[in-house]
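Before any comments, here is the structure.
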Amino acid sequence: MYYNLFLFGKRLKDIREKLGLTQKQVVDMALIDERTLRRMEWGKVIPKLETLEALSVIYKTDLVSAIIESRITDYSMLLQTQRNIDLKLINEEMSNFENELKLIDKLLENIENEYYKILITQFKFFLYGIRYYKNKEYQNAMDMYINAIKQTLNDFSLDNYKEYSFSLMEIRILMNIALVEDKCEQDEKYEEILKFCINQCDENNEIYPRICHNLAGVYRKKEEYSRAWFYDNKGIEICKKNMFADTLAVLYYGKAFAEYRLEKTEYKKSLDLSLQLCKIFEQIELMKQIIVNCEDVLGIDMSEYK
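In numbering that gives the first Met the number 0, the protein residues as written are 0 to 305.
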């Protein structure tokens, strides 16, 4: 079930302010984390039932019923589109996303919920950003990503981004902004943004291992291979814990890369696992890219894998 979290968060804040309560007073009474309340009021997280029940007593309002009233219908179509695109990106399948963009336009034509329209428009800007990025039009990609985040955070900029709490979609976009900074040789900003993203994201979310892999990329570039290994291995552990299969192959490749540079014989096992996972999950383009990278960058003889 999916909700208009922005509207629900605004309602929470309005109730709290009408009661004359500060966030600190509320968290002390409800015994919840202040960051949790802040993210709820920003509309960035779906609150747990026990949190809603605790707050209902303080706010003198049935917040369980209130969040049910903020449900969004037909959200599954957008989620399925996002899922299809994620698979294409992970599998290194180059695409202009024409079919996905047509579906998004169709959704925009038929949806009346204004908040849902904002989310769909945000995702549309995100797709255009990816397309520009893949075409190496990095400034255009950056403009699209920033416009995407501004759909939900009007005053967002790369100068003030640390002032905000981010939804998962906003974290995804911010992560892609970091990748543009990398292509523009802004290494410090690249690392800074990714560290911010990983601190904003719950470990149990599917995007967390991807941030780990991108952070590992920061340290591969800096030739700090022990730190690169740490993040790829952490991503693998999270994938195993939560049964996130899609990102495992690329994480094992990153781990193998670091182990090879650290002259550890374990790299062979990690590389074998990476390519086996590519076969199992039919990530054929990703497998080809890994083989090319191993040959061209690491100088490994990959003839046995062809």
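For glycine and all other residues, C-beta sits at the position ideal for the given N, C-alpha and C. All figures in this text were calculated on a predicted structure; none of them were measured in a lab.
Contact belief for residue i with residue j at Cβ below 8 angstroms, rounded distance in angstroms
{"i": "L285", "j": "I89", "result": "7 angstroms"}
{"i": "A140", "j": "F125", "result": "No, A140 and F125 are not in contact; Cβ-Cβ is about 10 angstroms, not under 8 angstroms."}
{"i": "L36", "j": "Q22", "result": "5 angstroms"}
{"i": "D245", "j": "L78", "result": "In fact, because the Cβ distance is near 15 angstroms, the residues do not count as touching under 8 angstroms."}
{"i": "A255", "j": "L270", "result": "4 angstroms"}
{"i": "K203", "j": "L167", "result": "The amino acid occupying residue 203 in the given sequence is Asn; Lys does not appear at that position. About 11 angstroms; that fails the 8 angstroms criterion."}
{"i": "M174", "j": "N112", "result": "With a Cβ gap of about 27 angstroms, M174 and N112 do not count as contacting."}
{"i": "I119", "j": "Y144", "result": "Going by Cβ atoms, the distance from I119 to Y144 rounds to 16 angstroms, so no, they are not a contact pair."}
{"i": "I170", "j": "I206", "result": "6 angstroms"}
{"i": "V179", "j": "Y230", "result": "Contact flag wrong, Cβ pair sits at about 20 angstroms."}
{"i": "Y252", "j": "S273", "result": "4 angstroms"}
{"i": "C277", "j": "A248", "result": "5 angstroms"}
{"i": "Y304", "j": "I283", "result": "With 8 angstroms as the limit, Y304 and I283 do not qualify as a contact, their Cβ atoms being about 12 angstroms apart."}
{"i": "I117", "j": "T151", "result": "6 angstroms"}
{"i": "E40", "j": "K17", "result": "The pair is not a contact, with the Cβ atoms about 14 angstroms apart (cut-off 8 angstroms)."}
Beta-bridge pairing of residue i - partner residues as DSSP gives them
{"i": "N2", "result": "Just to set this straight, residue 2 is Tyr in the shown sequence, not Asn. According to DSSP, which records beta bridges pairwise, Y2 is partnered with R70."}
N- and C-terminal bounds of the alpha helix (DSSP H) containing residue i
{"i": "E236", "result": "224-241"}
{"i": "N153", "result": "Taken as a continuous stretch (DSSP letters only), N153 belongs to no alpha helix (DSSP H), as it is neither H nor E."}
{"i": "N213", "result": "207-220"}
{"i": "Y266", "result": "266-279"}
{"i": "G298", "result": "Unbroken run through G298: none, as it is neither H nor E."}
{"i": "Y131", "result": "113-133"}
{"i": "Y189", "result": "186-199"}
{"i": "K182", "result": "167-182"}
{"i": "I290", "result": "283-292"}
{"i": "A244", "result": "Note, A244: premise wrong, no alpha helix (DSSP H); not H, not E."}
Short CB-CB distance (under 8 angstroms) between residue i and chain B
{"i": "K23", "result": "Absent from the structure: chain B. Only one protein chain is present."}
Query - Inter-stretch contact (C-beta, 8 angstroms, three-pair minimum) for the region 5-12 and the region 155-162 - result: no
Requested in this report: Give a yes or no on contact between the region 190-199 and the region 235-248, applying the rule of three or more CB pairs nearer than 8 angstroms.
Outcome: no
Requested in this report: Evaluate contact between the region 50-68 and the region 207-221, counting only Cβ atoms and requiring at least three cross-stretch pairs below 8 angstroms.
Outcome: Remark: fewer than three beta-carbon pairs, one from each stretch, lie closer than 8 angstroms, so the region 50-68 and the region 207-221 are not flagged as touching.
Query raised in the report: Whole alpha helix (DSSP H) runs in the region 0-48 with 4 or more residues, listed along the chain?
Result: 4-17, 22-29, 33-41
Query - At least three beta-carbon pairs within less than 8 angstroms, the region 93-108 to the region 35-52 - result: No contact exists between the region 93-108 and the region 35-52.
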